[in-house]
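Q: Submitted below is the structure of interest, expressed as structure tokens.
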Amino acid sequence: MVDTRRLEQLMRASQGEGRALRRAPRPAAGAIIRAPAHGARSNARAEEVHHAWSLLSPAAPLPPADAPRRRRDALILPPPEVSASFDLLRVQLLQASRTRGWHVMGVTAPSPGCGASFVTACLSSSLARLDNVRTIVLDMDLTRPTLAQAFSTAAPGVITDMFDGHVPVEGHLRRLGENLALGLTLPCPEGGGTMSQSNAIAETLVELEQDYHPDLILCDLPPLLTSDTALALLPHLAGVLIVADGTRTQASDLQECERLLQDRTQLLGVVLNKGSDTDAGRRRLR
Ligand SMILES: Nc1ncnc2c1ncn2[C@@H]1O[C@H](COP(=O)(O)OP(=O)(O)OP(=O)(O)O)[C@@H](O)[C@H]1O
Ligand SMILES: [Mg+2]
Numbered sequence: 001m002v003d004t005r006r007l008e009q010l011m012r013a014s015q016g017e018g019r020a021l022r023r024a025p026r027p028a029a030g031a032i033i034r035a036p037a038h039g040a041r042s043n044a045r046a047e048e049v050h051h052a053w054s055l056l057s058p059a060a061p062l063p064p065a066d067a068p069r070r071r072r073d074a075l076i077l078p079p080p081e082v083s084a085s086f087d088l089l090r091v092q093l094l095q096a097s098r099t100r101g102w103h104v105m106g107v108t109a110p111s112p113g114c115g116a117s118f119v120t121a122c123l124s125s126s127l128a129r130l131d132n133v134r135t136i137v138l139d140m141d142l143t144r145p146t147l148a149q150a151f152s153t154a155a156p157g158v159i160t161d162m163f164d165g166h167v168p169v170e171g172h173l174r175r176l177g178e179n180l181a182l183g184l185t186l187p188c189p190e191g192g193g194t195m196s197q198s199n200a201i202a203e204t205l206v207e208l209e210q211d212y213h214p215d216l217i218l219c220d221l222p223p224l225l226t227s228d229t230a231l232a233l234l235p236h237l238a239g240v241l242i243v244a245d246g247t248r249t250q251a252s253d254l255q256e257c258e259r260l261l262q263d264r265t266q267l268l269g270v271v272l273n274k275g276s277d278t279d280a281g282r283r284r285l286r
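Taking this note's numbering, I'd label the letters of the sequence shown as residues 1 to 286.
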């Protein structure tokens, strides 16, 4: 289901075997450095981050009628064979995060309905099952946000208020369990302007990294071939995963996505979703 060859190539390149990478790791201010847990300074920093997470409001449960089968703190658990693919992807993204300093990553698709939000939610849940990993997931699809529903909770408002500074980060994020923070949004199609303002996005991402020290910030993006917002956000991301719908995405769609990514960010890999293991699906995408 998950083709991580691109990510592996990038990782090899980072070890000096491949071509030079275009993007340098984020500046030190935003970089996560896993300092050994000894020394008063690192202990104080760890306390600070722990405190910041503890102050986040828990995600409110939906009324039972709206979420009949989900517990309030339930993470998404796909079937075992699918879950194994997400766990593999999780390992590789964490490796990229720790060795390259790539913390902000996006998930997108060529066209609507391929499963980008599904993959974002499952991957976030997979990450959240690791006690020592902190993840922030941001719903950047202002037109059709779906992550709140995926996590059986409600968005507290529009995410553009957090980016614009109208609402503090800690007032917008919601905590699910101990180590997953949700940056959800209500639909806000008119918010595209904010998403194109690179300062608002960049400053918020730095703030998130500094205050919450996440291993990963995962951004659920709108489809790349149909959304200017997705395109505008690419330069803020260390890399993106592209989710292909194994039943209908064409190789030409993926080539067009790759073209759009050039000089904006790295393609980390292609996730072949839905009908993933059919020969027909694989042939179409070759
Ligand atoms: N592998 C899967 N197994 C089961 N259901 C899936 C799978 N992938 C996607 N879906 C379902 O298909 C629908 C579309 O998926 P999703 O919303 O993730 O697509 P998307 O690429 O984010 O679309 P959009 O462009 O509208 O944001 C959702 O109802 C989702 O739950
Ligand atoms: Mg989506």
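Glycine included, each C-beta is placed from N, C-alpha and C at the ideal position.
1. Please list the terminal residues of the continuous alpha helix (DSSP H) segment that includes I201.
2. Taking L182 and V158 to be in contact with their CB atoms under 8 Å, please state how far apart those CB atoms are, rounded to whole angstroms.
3. Looking only at its own chain, which residues have a Cβ that is under 8 Å from the Cβ of M195, when we skip the five neighbours before and after it?
4. Would you kindly report the start and end of the unbroken alpha helix (DSSP H) that includes V169?
5. Is the beta carbon of C257 closer than 7 Å to that of I242?
6. With a threshold of 6 Å, establish whether the CB of T357 neighbours any heavy atom of ligand 2.
7. Beta carbon of G183: closer than 6 Å to some heavy atom of ligand 1?
8. What's the call for P223, buried or exposed, on a 16-neighbour Cβ count within 10 Å?
9. Would you list the residues sitting across from G106 in a DSSP beta bridge?
10. Let me check you understand the geometry: is the CB of T146 closer than 6 Å to at least one non-hydrogen atom of ligand 2?
11. Among residues of its own chain, excluding the 5 on either side of R144, which ones have a beta-carbon nearer than 8 Å to its beta-carbon?
12. Do S152 and V137 have their C-beta atoms closer together than 7 Å?
13. In terms of residues, what are the limits of the beta strand (DSSP E) holding V271?
14. So, helix, strand or coil for V137, using DSSP?
15. Please state whether DSSP places D245 in a helix, a strand or coil.
16. For the candidate residues F118, L205 and R175, whose alpha-carbon lies nearest to that of P78?
A: Looking at the atomic coordinates:
1. S198 to Y212
2. Wrong, their Cβ atoms sit about 14 Å apart, outside the cutoff.
3. M140, L142, T160, F163, I201, T229, A232 and L233
4. V169 to H172
5. yes
6. A query on residue 357 cannot be resolved here, the shown segment of the chain reaching from 1 to 286 and no further.
7. no
8. buried
9. C219 and V240
10. yes
11. P112, P187 and P222
12. no
13. Q266 to N273
14. strand
15. strand
16. F118
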